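Protein chains in written order, with the working numbering: chain A, -4 to 277; chain B, 1280 to 1573; chain C, 158 to 444; chain D, 2 to 270; chain E, 2 to 270. The beta-carbon is built from N, C-alpha and C at its ideal position, and this holds for glycine as well. Everything numeric in this text was worked out from a predicted model, so none of it was measured.
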Ligand SMILES: Nc1ncnc2c1ncn2[C@@H]1O[C@H](COP(=O)(O)OP(=O)(O)OP(=O)(O)O)[C@@H](O)[C@H]1O
Ligand SMILES: Nc1ncnc2c1ncn2[C@@H]1O[C@H](COP(=O)(O)OP(=O)(O)OP(=O)(O)O)[C@@H](O)[C@H]1O
Ligand SMILES: [Mg+2]
Ligand SMILES: [Mg+2]
């Protein structure tokens, strides 16, 4: 057994008072912030009418609803659902792709490591915020004025509103890129364009691809815009079936969406592998 | 210019080049095939989505017409000529905005806490068992894939009308989305500290608490803040369950063509988005700005 | 006739009076009839939002629209140049309907005064029978709904309002009503769509009407005012002849409940416009 | 007394450690040398049970380390402290907390998770830091320290585990000459003062000769040399490292290498 | 001929490089030595103009490098190739493309952006790779290579820039002894065969002595030594590194350090 070092606690305490008796301000900071966050949370629960009894009774109701969902059954509406799913997929794919293509150059302007000047970056960021702040319903109406009712308006509405989100997300991905690789290009005499093309893009494209695919997925699920512009869509069908309490159709539609999303996942995995190599995907 | 490389003899070069080309060709072929598939999908979609560029360019001028109208008061003047009239409902809107923020806050916090509790099990490098990894991942996938609105509709039937259903729907969806993102951060975390702490005889829980958490908490906060912002907008969709807030008010104004109200509410919302973006940017900077740069 | 050259394709847009999912199937035969009759391609668009239809007509790319009375009034009020040309006619020959408040029969509520502090389910901000008329009626009774009820919610559609009531999500719901055997409720009951929270199928006796409004004029079909006159005439004729020339298609539209369309003029909706103006005025007063 | 009996550790088909058997007497300072990939790291990690051996046994004072599980396994890890080439500190935690990590195995979970360290533990950690002249940095974040300072923090962490044996995996590979000396001296001090056994992987033969009582040479997972530093002839060293002995032994290279290496003669990758 | 005249580079109040003046003759192999934070990296980065100097001038064959902007600046960067400690390759691009990055400054932008490399450039890049025995890896992604291989790719990139001078910033700090030798030999080969000037930061005095014609010692941003390696006395080295000379010079330490260092006597941080 080894000898243990001897420790004189009192003496150490005298030598390092700030370690042993941290000032109240630094000791209390975390608990105070936590308490404040919890207080707002508790206030929210009360203000928003949360009640444990309703929650419990609701849970049993949920259990009952899940029982009603078995087995999933589309009834006679399968062709209708398939068509709606197809429409939704087309709109989501096209709209999201368009948004990504437009957002990429703009996100460069919003990234700190590409445009160091805050004066230039600020308006771009605020523009992106504004676009995100405008409700998708408004974008739908705006595009109906241009191209009329129909799926095309949905594509454009999705493209614009996702443009705002992508601009922000992409610029954050760019800011997180490894600066050393960019420096390597610069040191060999590359121009700013070269730095972006060879130093940044290989790094951020995988991240961007992941985000775009996630948005395609989520647009596939969302009901709002696609229904408003008069293009049907699977989300609308789902909402309708819940409203009329056709639980078996509901579960069938949910399954359809899950399968579609899994399909997108699978295909996108393959595509990403092809584009950026296995390692980056794994 | 200095000669720094002696060019190889023709023959040797040809051999190397062909080896390179062969290796690259496979990659390039895959890339081209992928692009072709993607393009084909795009073309099919544009047929399905009835894309019509001619209409688009012919009537593009109409793009501003809606904005033109919402920036006009009932009296026919521009909105900024009479700000008092434009923002007549500011008091009410701020209250509704507060409600929206509260819904989003509670929903995001609930979701983030659940996601936090689950994400270590969903990350390849920290999950204690394969079956746990699989189960939790499927669970998160389900929570993420089923649209928020569906949960809201089901919850309104289960829990009754009111913000609770909306908040729970937001919370569930946030759990799914954040759980995946959180676990991705964990998968990118440096495992050396974990090993260091594990080697001292610490339990799994301690390893997560002391080795993983300090590395990932900034990332967690960043994603949770982003989610909060998304949920602020999501909350408007929850209007019909009685959890509308400002979003519901906006939709009513749009549908009833109260033009100047639309722009006034939009401005209120956009200013809020600015503030959230600037604040979250600041918080992110505080949390992990310095480390990220060094 | 040169209007066909100018309009080789026309768009017909409808807002689902019932749930969106059924509308496409219901309209399909009529659209093909219309297309045949007019000699141009007719495209059907079903938007689940009034605002989309109004904006579409304003931009001029929806030639024919099927409105609710209130949304038609709203379109006129916001300057859309569109004219009503035919109107739905009920099975009893009347050209209007009513707004009613339903409660569950097993509930203790007998009159509106019993419902203070309860939840009211309306339909949609632009729905006449589902929002405007109920507010008008309540105002006449001296009730400010937003203060009087604990919650006032838009359920999104007439069906949803009934379902919300059936499931107890709201305590009282506004809805349209034609006659004892013709209302949204009876249509839903016939299809077995109404189930209570525990899943049992409900009957007519499970509901009770506690308030009934004045007559509301029926939904119009409207075309853009600046279409060529001969084109407008052709469209109007096609509609008026529909019940005769293609009875199957016509019947499908209303499940055989409606009589043939009758001509109508935009002026017939002046009262509705007044009603909307009244409701708008309530807005700034309320705050 | 640490005893290894036929210890084997495979990753797939590859045996990273292959049938290693030796004993380490208490209080000795043993160096493990060998080429990259020889299995040095895996050997140490297996002893700490970060890696589970495929075959063979590890005994410590009669305790069968190979069969431990759960809490007992954690106790063993606490008794056999590891020091890593990359320090493996938690960069975002402060230095003191990093050192206190060495006490985790001895305290109840709830106290640890809420960071309620006992006064005693704090004093222990501070005194360990003081021993290495970095007590003044206790409140700084670990990733703000230089490499040498970080490694000293890691050694302090090992020390507060109050271990019976210290396993150091190339503790100086990332350090400059100055810090190398500081860190190796610290290990030596622990070894001689407290009698704690040290098992230390080293790249540099010079250092191994300078500090260790005994050397174990590994190649392709097998123990190929075991003896006093003085017994390590150039021949053995050359075999171990597969290099010109002069390069291995760290003799100052001739001021200008004999003739410039011709093009295309660079060693194969 | 590279000439530095009173070169100063400040970050805020701190002068990372402080009034440095010296000349480097064409074809020489100059080592820059000094403690961590002495300003070695900043010196090299300023010469390449990755960092803009605060004061002073850099001249190369009469060209005033300090005043260059835009395209001319990029030409200069191409002429003064950098090699980094962390390699600074683009991990997701393949090895050949990484080497071709060295040609960017010489080709029209549109060709570069669409990756239409000329046959000539490709031959150049492939030959450079073959010189370092890694032509077989040309199609692999750079981040799949080992450290030593990556650094060789970086050197190949520097070579295809056809530079007049190579600035190497601790090129071997992340490498093991074996790769260290390979990389340093490669630099030496370039220097002797093609007469390209090499300016190389090094941590290890042994290596500096072994490979360089001339050493420049820095401390706190100032040039404190400039002369032949043989002129670097123990005294100077001690001053440079603030250490016992014996430790710096890499002489084999005594088999067992005289007496165990007492507790608390470790060198101050
Ligand atoms: N987790 C693992 N999975 C698969 N193979 C591994 C793993 N860890 C180590 N190996 C392999 O086992 C062999 C021995 O590795 P080890 O890290 O023990 O060598 P080492 O002597 O420490 O080398 P170095 O000096 O580079 O640290 C190597 O070939 C390595 O590739
Ligand atoms: N971008 C920068 N901003 C602020 N200070 C800097 C920056 N770059 C370097 N410094 C400071 O300048 C001084 C010299 O740094 P430099 O990197 O040149 O030293 P070095 O000799 O290369 O050290 P090392 O051996 O650690 O690489 C250091 O004190 C450093 O903190
Ligand atoms: Mg190792
Ligand atoms: Mg440096």
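Residue i to residue j span [Cα, whole Å]
i, j, result
"residue 84/D", "residue 129/D", "15 Å"
"residue 274/C", "residue 263/C", "19 Å"
"residue 224/C", "residue 428/C", "16 Å"
"residue 192/E", "residue 218/D", "37 Å"
"residue 10/A", "residue 171/A", "42 Å"
"residue 40/E", "residue 197/A", "32 Å"
"residue 1476/B", "residue 1502/B", "27 Å"
"residue 315/C", "residue 229/A", "21 Å"
"residue 62/D", "residue 143/E", "48 Å"
"residue 254/A", "residue 103/D", "48 Å"
For residue i, the three-state DSSP class (helix, strand or coil)
i, result
"residue 1512/B", "helix"
"residue 408/C", "helix"
"residue 17/D", "strand"
"residue 127/D", "helix"
"residue 1403/B", "coil"
"residue 377/C", "strand"
Exposed unless 16 or more other CB atoms sit within 10 angstroms - verdict on residue i
i, result
"residue 72/D", "exposed"
"residue 66/D", "buried"
"residue 210/D", "buried"
"residue 120/D", "exposed"
"residue 13/D", "exposed"
"residue 260/E", "Caution is warranted here: a pLDDT of 47 is assigned to residue 260/E, below 50, making its placement in the model unreliable, and the coordinate value is therefore given only provisionally. So residue 260/E ends up on the exposed side."
"residue 24/A", "exposed"
"residue 1443/B", "buried"
"residue 1326/B", "exposed"
"residue 189/A", "buried"
"residue 1483/B", "exposed"
"residue 356/C", "exposed"
"residue 1508/B", "buried"
Chain A residues whose Cβ lies nearer than 7 Å to that of residue i
i, result
"residue 125/D", "2"
"residue 157/E", "Here the premise fails: no neighbours, minimum Cβ distance about 11 Å."
Chain D residues whose Cβ lies nearer than 8 Å to that of residue i
i, result
"residue 37/E", "147 and 177"
Where residue i meets chain C, residues with beta-carbon distance less than 7 Å
i, result
"residue 1544/B", "Simply none; closest approach about 13 Å."
Interface partners of residue i on chain B, CB under 8 Å
i, result
"residue 132/E", "1284 and 1285"
"residue 140/A", "1338, 1341, 1342, 1344 and 1345"
Residue i: contacting residues in chain H (beta-carbon distance under 9 Å)
i, result
"residue 120/D", "Included in the structure are the protein chains A, B, C, D and E, with no chain H among them."
Cross-chain neighbours of residue i in chain A, by beta carbon under 8 Å
i, result
"residue 270/C", "Correct list: empty, because the minimum Cβ distance to chain A is about 25 Å."
- Using 8 Å as the Cβ pair cut-off and three pairs as the minimum, do the region 51 to 58 of chain A and the region 1418 to 1437 of chain B touch? yes
- Message: Contact between the region 188 to 204 of chain D and the region 161 to 172 of chain D is defined here as three or more beta-carbon pairs at a separation below 8 Å; is this criterion met?
- Response: yes
- Message: Whether or not the region 380 to 387 of chain C and the region 353 to 371 of chain C are in contact is what I'm after, with contact meaning three or more pairs of Cβ atoms, one per stretch, closer than 8 Å; do they touch?
- Response: no
- Query: Are three or more beta carbon pairs between the region 176 to 185 of chain A and the region 111 to 124 of chain A nearer than 8 Å?
  - Reply: The region 176 to 185 of chain A is not in contact with the region 111 to 124 of chain A.
- Message: Can you confirm whether the region 1295 to 1308 of chain B touches the region 78 to 95 of chain A when touching is taken to mean that 3 or more C-beta pairs between the two stretches lie within less than 8 Å?
- Response: no
- Would you say the region 90 to 109 of chain A touches the region 132 to 139 of chain A, given that touching needs at least three Cβ pairs under 8 Å? no
- Could you tell me whether the region 220 to 231 of chain E touches the region 45 to 65 of chain E, using the rule of 3 or more Cβ pairs below 8 Å? no
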